[in-house]
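Visitor:
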Amino acid sequence: MAPTAARPVTLRGTAVDVWDFFAAPHTESELVDWLVDRYDADRSVIAQDVEPAVAELLAEGLLGSAS
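Sequential numbering from 1478 applies to the sequence shown in the numbering used here.
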């Protein structure tokens, strides 16, 4: 839970992998590449799913963005 959050966020399934991946600084594109390799999945599908997930984590204050 982010320090300024009003509610906790629960992660399930591949969202846990996303969270673990961002333990070190990475870009969204690097995450997509990693998930494509890890799950042998279609890049366009992964990219489409990753964008809103990362946006939500940023909005909740759970991820930071590098400038």
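Note that CB positions come from ideal geometry on N, CA and C, so glycine has one too. Predicted, not measured: the structure shown is a model, and the values here were computed from it.
Around the Cβ of Leu-1535, are there at least 16 other Cβ atoms within 10 angstroms (buried) or fewer (exposed)?
Guide: exposed
Visitor: Would you tell me roughly how many angstroms separate the C-alpha atoms of Arg-1520 and Glu-1505, rounded to the nearest one?
Guide: 13 Å
Visitor: Asp-1531 by DSSP, collapsed to three states: which one?
Guide: Residue identity differs from the one stated: residue 1531 is Val in this sequence, not Asp. Correct three-state label for Val-1531: helix.
Visitor: Reducing DSSP to helix, strand and coil, say where Val-1515 ends up.
Guide: The question names Val, but residue 1515 in the sequence shown is Arg. The answer is helix: DSSP assigns Arg-1515 an H, G or I state.
Visitor: Using alpha carbons as the reference points, say which of Pro-1502, Ala-1500, Val-1495 and Ala-1501 lies closest to Val-1509.
Guide: Val-1495
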